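Below is one structure; the comments refer to it alone.
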Amino acid sequence: MVSFLYSVIKWHFLYKRLSPLLLLFLSLLCFTWNGVVLAASDDKSVLIQFKNSLSDPSGLLSTWNLSNNSNHCSWSGVLCDSNSRVVTLNISGGGKEGNLSEAQNGFQFSCSDYAQFPIYGFGVRRNCKGNKGKLSGKLLSAIADLTELRILSLPFNGLHGEISKEIWGMKNLEVLDLEGNLLNGSLPLSFSGLKKLRVLNLGFNRIAGEISASFSDFVSLEVLNLAGNQVNGTVPAFVGRLRGVYLSFNKLGGSVSGEIGENCENLQHLDLSGNYLVGGIPQSLGKCFQLRSLLLNANMLEEVIPAELGMLQNLEVLDVSRNSLSGPIPVEVGNCSKLTVLVLSNLFDTFENVGSTRGDSPVEQSSSMNDDFNFFQGGFPEEVASLPNLRILWAPRATLEGKLPSNWGTCNNLEMLNLGRNFFTGEIPGALGHCNKLHFLDLSSNQLTGELAEELPVPCTTLFDVSGNSLSGSIPTFRSRACPPVPSLRGNLFESYDPPTAYLSFLTNKAQVGTPLPLLGGDNVLAIFHNFGVNNFTGTLPSTAIAPERLGTQTAYAFFAGENKLSGPFPGHLFEQCDRLSTIMVNVSNNRMPGQVPADIGTMCNSLKFLDASGNQIVGPLPRGVGELMSLVALNLNWNLMHGQIPTSLGQIKSLNSVLGNPHLHPCEAFSLTVPSSDMQEAGDPQNYAAAPVESPVSSGSRGFNSIEIASITSASAIVSVLLALIVLFFYTRRWNPQHKIGSTRKEVTIFTDIGVPLTFENVVQATGNFTAGNCIGNGGFGATYKAEISPGVLVAIKRLAFGRFQVIQQSQSHGIQQFEQFHAEIKTLGRLRHPNLVTLIVAWACMLLRQGRAKEFFTAGLWDAGPHDDLVEVLHLAVVCTVDTLSTRPTMKQVVRRLKQLQPPSC
137 MVSFLYSVIK WHFLYKRLSP LLLLFLSLLC FTWNGVVLAA SDDKSVLIQF KNSLSDPSGL
197 LSTWNLSNNS NHCSWSGVLC DSNSRVVTLN ISGGGKEGNL SEAQNGFQFS CSDYAQFPIY
257 GFGVRRNCKG NKGKLSGKLL SAIADLTELR ILSLPFNGLH GEISKEIWGM KNLEVLDLEG
317 NLLNGSLPLS FSGLKKLRVL NLGFNRIAGE ISASFSDFVS LEVLNLAGNQ VNGTVPAFVG
377 RLRGVYLSFN KLGGSVSGEI GENCENLQHL DLSGNYLVGG IPQSLGKCFQ LRSLLLNANM
437 LEEVIPAELG MLQNLEVLDV SRNSLSGPIP VEVGNCSKLT VLVLSNLFDT FENVGSTRGD
497 SPVEQSSSMN DDFNFFQGGF PEEVASLPNL RILWAPRATL EGKLPSNWGT CNNLEMLNLG
557 RNFFTGEIPG ALGHCNKLHF LDLSSNQLTG ELAEELPVPC TTLFDVSGNS LSGSIPTFRS
617 RACPPVPSLR GNLFESYDPP TAYLSFLTNK AQVGTPLPLL GGDNVLAIFH NFGVNNFTGT
677 LPSTAIAPER LGTQTAYAFF AGENKLSGPF PGHLFEQCDR LSTIMVNVSN NRMPGQVPAD
737 IGTMCNSLKF LDASGNQIVG PLPRGVGELM SLVALNLNWN LMHGQIPTSL GQIKSLNSVL
797 GNPHLHPCEA FSLTVPSSDM QEAGDPQNYA AAPVESPVSS GSRGFNSIEI ASITSASAIV
857 SVLLALIVLF FYTRRWNPQH KIGSTRKEVT IFTDIGVPLT FENVVQATGN FTAGNCIGNG
917 GFGATYKAEI SPGVLVAIKR LAFGRFQVIQ QSQSHGIQQF EQFHAEIKTL GRLRHPNLVT
977 LIVAWACMLL RQGRAKEFFT AGLWDAGPHD DLVEVLHLAV VCTVDTLSTR PTMKQVVRRL
1037 KQLQPPSC
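Offset between the sequence shown (1-based) and my numbering: plus 136.
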């Protein structure tokens, strides 16, 4: 009691002597402290509301003890400042709803789905270790009451609904990361807050709308990720000043503004892939000197690769595949000294799993293996081939020609080289033998000649394909060498994720399509495929071209050398390493090899799984040892000179593709020469991967054409006729303007019949008064119709297609399809009328049909049903690219003819 009175007296004594100013200061201090305490309490209350609004079956918030004495700053995912104010809320989920194939039933992108999108997120990709469970529910708007919050990171949960205006208005927020949720709604047109925002990551949600000009008010913004949504409109120019821009897998259209490159000194990653962008690649991007990755693939870009990109000294990845580019490969790209990945064309769709996640129709989701329409001119520059850090060079079916580069520099880092299906001539340079890390080499389907050099790194390759050329000489015994470890592509990509690793994984896995590799083994098997088929090789079969350290019970090998002129006795040295392989597949069909099937083949090559030696001159009986090959599932010995009885032990083979054409070989009870095994369709058929058809030349020459061949020949003729008609129509109706420059707008003019006077875009504009309203005589859903007096007494009706209205198709699936059908009907009606005064623009329509996967609508039903669909689509695209406005970017007639030669009817 005494001490209490003393304290009171002391405070009273001090109170009398304190100045009024000091009293005011103490009062404010006390008030502020109470305010901090109250604010911290309010933050805790908000967190409790947040937890109560969500479903948390996995217990991600199990540490959030709601008792009064619990310190909210110790809760998982919560970080506070010194005043106990919440500054970070970071809770990453790992769960998902549905499967990718069930997207229409609620698929949700999760961290584990990164593997299905390997080319996404350079610079922002995150580690997925330890992410389990998820939070589900609406994103609580009360989170905005955490007024000191700097970081709001809730990726890969099940949050749905719209982002509230309260959250868009937060004043201190610097990071808004809601990637991989189920959020919908539209992007705001204006913002009342977020002035301090540095990172906006809304990737893989269901957000629509345009990126408004208000986003440019975020002066601190560094990273913008809106990938995998339904964002439309155009790419805003302000993104050039950011550090990372990720807008892939959306519905953006229009051209890429050159203003992006006017203020881009900080830009490191620009990903605009998988959209509907048109026009050319801006030359101004060459000013973005910090740019490390530039992904423009899977758009509708035209014109050329700008030489200015050669100024990008820090560029590591350049992907311009799956567009409609043309012109030469700029030698200036050889100045990009840090370039590791260069993809100029790609027959594999990097977005095949994306269409369903962004609401595309099934027609839009269907993609072709041939959906790359880049038509480059000339050869491949040695300056680019000799880049010191290049790891992947990918340019199949890019219409490149000339000789292969002889100078590959030191090529110490080159791992994958694909120049298949081009028009290269000459020999394969021995300099490739210096590429010690090269494990993938595809030079197939060119016009290469000469002999293979022994120093080529074949023993260290997992895929070596030189099929479909005119190579000669013997298949050499390649020099063995020490091979680097085979890159592991099945592990966790997130531990050391980088762009080359992503492309290595994606391209290696996709390149197995159409090869026997998927049949060779499982995840722990090293599958190797060497293809020498369809050439002019002579001599005998060599020994297995595999480096000693690659041999082993975990190695499977496919060797193809069909349709050559091999004349050495079968099987030569081919089976010498069989006991050091887990599986071996062999196709040596359609050669000139004599010899016999070894009597001890059952013990010589017990790992033999597939054998196709049809169309040779193999003699002798079929030994019983064949039936002892326990791994053998398919055998094809058609059209040889064998004799004797077929052993009954062959009945265990799942797919004996017959031994027809051996007139002195007698059937047994277990096997018929005319009735294939009932299991044939179930077993893997090596004939599907044969280098050539297995029918003998004598047999095929003695029969007439069957119905499939007749249909193929008829469709090919129709294709050529359609293309020639379109080209003739184009040259007849168009007058070129020599002053056209790259970057000009689309000005295609097409007429259905001759109107008797020259017709160009310029005189159409003049005759319509630059399409003034006074000359407008009608307005349809996809453009207005104008009257025009082209010359005295010559009146025509001009249908001007409003290309921008096509974007409606991409904004709403049901409504868009309806409008597309309306325009489709309108164009077809105009085309059937053949009215002498009717002029219409149809090229943009053809472009849209191609992009939407509706090319079928362009052709008559009979032609579409009879012809190979991929070939018809290819011809339609040829017609489109032959009518682009810029002369320098059109494919040459030589290129067109060459591409037509590639459109051959399938083998029957």
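Beta carbons: idealized from backbone N, C-alpha and C, even for Gly. In this text, all values refer to a predicted model and were calculated from it rather than measured experimentally.
For my contact list, residue i and residue j are in at a C-beta cut-off of 8 angstroms; report their separation, rounded to the angstrom.
i, j, result
"Y256", "A363", "6 angstroms"
"F560", "L536", "7 angstroms"
"L999", "E993", "About 12 angstroms; that fails the 8 angstroms criterion."
"P734", "Q753", "About 16 angstroms; that fails the 8 angstroms criterion."
DSSP three-state label for residue i, please.
i, result
"Y412", "strand"
"D485", "coil"
"W211", "coil"
"C912", "strand"
"I664", "strand"
"H709", "coil"
"Q513", "strand"
"Y693", "strand"
"E925", "strand"
"R533", "coil"
"H1013", "helix"
"N543", "coil"
"Q1045", "This structure cannot settle anything about residue 1045, because the visible part of the chain is limited to 137 through 1044."
Just mark residue i as buried or exposed, buried being the case when its beta carbon has 16 or more other beta carbons within 10 Å.
i, result
"T784", "exposed"
"A997", "exposed"
"V670", "buried"
"T739", "exposed"
"V1033", "exposed"
"P1045", "Here the chain comprises residues numbered 137 to 1044, so residue 1045 is not present and cannot be evaluated."
"R728", "exposed"
"H405", "buried"
"M778", "buried"
"K270", "buried"
"E925", "exposed"
"M721", "buried"
"Q713", "buried"
"Q1031", "buried"
One question on the structure: do residue i and residue j come within less than 9 angstroms of each other, judged by their Cβ atoms?
i, j, result
"A531", "L555", "yes"
"L338", "N308", "no"
"H1013", "S460", "yes"
"E439", "V477", "no"
"C400", "R428", "no"
"K745", "L655", "yes"
"L290", "N320", "no"
"I611", "A697", "yes"
"S191", "G297", "no"
"D455", "S391", "no"
"L314", "L225", "no"
"S420", "G470", "no"
"V355", "L282", "no"
Alpha carbons only, please: which of the options is nearest the one belonging to residue i?
i, options, result
"G650", "I611, D601, G609 and G675", "D601"
"S350", "L330, F340, A344 and T598", "L330"
"K701", "L687, A692, T676 and G566", "T676"
"S641", "H779, H575 and E591", "H575"
"A663", "T674, I303, A647 and D748", "A647"
"N204", "S218, I184, L215 and D192", "I184"
"L357", "E346, K332, S580 and P894", "K332"
"L768", "T719, T597 and P757", "T719"
"I299", "V467, A344, N435 and N558", "A344"
"S272", "F186, E395 and V722", "F186"
"I441", "Q513, G389 and N219", "Q513"
"W775", "N742, V724 and R760", "V724"
"T1045", "V733, F706 and M552", "This structure cannot speak to residue 1045, because the chain is shown only from 137 to 1044."
"F665", "V755, T637, G259 and C596", "C596"
Taking 8 angstroms as the cut-off, is the beta-carbon of residue i closer than that to any non-hydrogen atom of the ligand PLP?
i, result
"N368", "This structure lacks the ligand PLP; in fact it carries no ligand of any kind."
So, is the C-beta of residue i closer than 9 angstroms to a C-beta in chain B?
i, result
"A344", "Any reference to chain B falls outside this structure, which holds one protein chain only."
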